[in-house]
Every structure is written in C-alpha cells, then in structure tokens.
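Working notes for the structure below.
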Amino acid sequence: MPETPPPDDSNGAGITATFFIVVSLVVSLLPVLWCLRSLYMIYKSGGRKPIFITVLLINVLVYFFFSPAAIRLYLKLDFSDDCVRGFKLFLMAQLSGIFLHQLVALESVLSLRNPLYTTDLFSMPCSISLSVALYVFAFASIVLDFSAQFAFCLLSVLILILTVVFTFKAPPYPHFYPDTHKKTTYWILAVATVTMVVAYLPFLLTVFIISCSTNLGAFLDSATYAGALLVTPSMRSLRAISDAFLCVLVFKKVLPVQTAQTQAEPNALHNSTANSGGDELKTLAGPE
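Heads up: the sequence shown begins at 0 in numbering that gives the first Met the number 0, then just goes up one per residue.
Take a look at the structure:
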C-alpha cells in the first residue's frame, strides 16, 4: 500500500525522496508565484478564464502545502493519522498533476495549431467536469495500490500521444499559424515529453518490471523492491518544476493568443452572418 513507506526500507530511500521534494519546492517557488500573480490579473481584467491552468496551479499549491507531511513521513519522523492523511493528499496532488500537465499542454497546442478544436472540447463546463473526475480517479488510485496509479499514468501517456499527433498532423488554421506559434508548440511538447520521461517513466518501468517478475515467479529482493517503490514515485515531485515552466510558457506565449481568438470570434460570427445575409439577398433577387 502507498500510504506509508515500507518499514523495512533503509532510510537512504527516504532521504532521496525528501531530496526530490526539496529541490522541486526551491526551484519552482518563484515561477509559481509569478504565474499566480498573472492568473490573478487575468481574472481581475475579465479575460478568458484558463480552467486547466487554474486547476494545475491549485494542484501545485496543494502539493506545496502537504509537502512537510510527506517529508516527515519519508524521514520516519511522524506516523500519526494526521500526517498520513496529509501524505495521501500530497500523493493525490503529485499523481493528478501529470494528467493536468498534459491537458494544459494539449489545450495550448490545439489553441495555437487550430483553435477550432478547442471550442467545445475545452469549454468551461467540460473542463470543470473533467477536472473533478480527474481528482476522483486520482484519489481512488492512491487509496487502492500501485497498479491503479500505473493505469492513471498510462492515461497521461495517451494525452501526450494526442499532443504529439496534433502538433505534427493537425491541419493548421488558415492564416493563423505563424512560425512563432510553431516554435511555441514545439517548446510545449518538449516540456510535456521531458516531464513524462524524467518524472514518471521510472515509476512506470518499476511497476511494470515488478509485476512481470511476480507473475513469472522470479525472486525479488525485498529491500530493493521497497526502495524502488519509494524512490521512483517520489521522482514525480520533480513535475512541480516543469509545471512552473509550462505555466510561464503558457502565460507568455499562449494565453495572449487565446484572448485574441476569443475577441475575434464575435467578429468572425458577425462577418459570417453578414455574408450569409448577403447571399440570401442575392438569391431572392434572382439572376441579374
């Protein structure tokens, strides 16, 4: 069970897990604060509400808030019920963050590549519903076992694959895909890919190898098993760093474009209606 570190594990794994948490907190703190300020200015100005970015930043704050509980537990300083509950919430934020990270990347690529794709898929009701379902699934995965977390991370891999496909294969919006947007989509895809490979691939490989070895009846050293299942999930803490830099990239390069798209939609609808009305008048007038 993932609620507490295995009691027979050496403290070296706990120290390593704590190191990942501390590094992620130190490196990501200032970028996250800048993003929170930018998000506040967007909501204050009445601009387009970036739902997934908002939920992702809230998720990072939850991760920050419950990090002390995780550190105390990893270092075997506190095993109280309150600490364990805080550790579960820490794990939930740690796990659900990768899905939110990939959703932010996918939405950003789509809005730059072809904004028509984002009209219904990333509307406010759809985004809120998906975020709620995501947290329910993440909490259930934490309560269950590592296999459920493995399945959750695999779903995030599917989102990454969709981002790759849309980056290179989606037809661009006519007259709306300059080279600067193309470079931005490549940067977003690079951040999302590196996040998955560095922070989550070790955990996926560990669970896969242990599951295959167990099913094949191979002998696994208990200390190695316990240490691997403690260290590799803790590497997911590094995602907070990439969350911060992805959010900075989105705030600087993507949200201004999305705001321009939102402002352009009424004009496009007006022009479309005017053109349609003109065509109808021509039809009623008959051939010249």
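Virtual Cβ for every residue (Gly too), placed ideally from N, Cα, C.
Asked	Found
Which word fits M123, buried or exposed, when buried means at least 16 other C-beta atoms lie within 10 angstroms of its C-beta?	exposed
Three or more C-beta pairs under 8 angstroms: does that hold for the stretch 242–249 against the stretch 103–110?	yes
Less than 8 angstroms separating the beta-carbons of I20 and S79?	no
Please say whether P232 and F202 have beta carbons closer to each other than 8 angstroms?	yes
With a cut-off of 8 angstroms on the beta carbons, I'd call R112 and T183 a contact; round off their distance for me.	With a Cβ gap of about 10 angstroms, R112 and T183 do not count as contacting.
Look at the alpha carbon of R47 and the alpha carbon of C34, and state the distance between them as a whole number of angstroms.	15 angstroms
So what does DSSP say about L283, is it helix, strand or coil?	Only weak support is given to the placement of L283: the predicted model assigns it a pLDDT of 39, under 50, and the question is left unresolved by the model.
On a Cα-Cα basis, can you pick out the residue from L76, V253, F145 that is closest to I209?	F145
With 16 as the cutoff for other CB atoms within 10 Å, does A267 come out buried or exposed?	Because A267 carries a pLDDT of 49, less than 50, the predicted location of this residue cannot be relied on, and the following value inherits that uncertainty. Burial call: exposed.
Hey, quick one: how far does the alpha helix (DSSP H) through P30 stretch, first residue to last?	10–44
I'd like the ranges of any alpha helix (DSSP H) spanning at least 4 consecutive residues and lying wholly in the stretch 102–162.	117–120, 123–142
Can you tell me whether DSSP reads F78 as helix, strand or coil?	coil
Count the other CB atoms within 10 Å of the CB of Y73; is the residue buried (16 or more) or exposed (fewer)?	buried
Let me make sure I understand the geometry here. Which of G13, L237, V230 has the alpha-carbon closest to that of R71?	G13
Could you check whether the Cβ of A69 sits closer than 8 angstroms to any Cβ belonging to chain C?	In summary, chain C is missing from the structure at hand, where a single protein chain is found.
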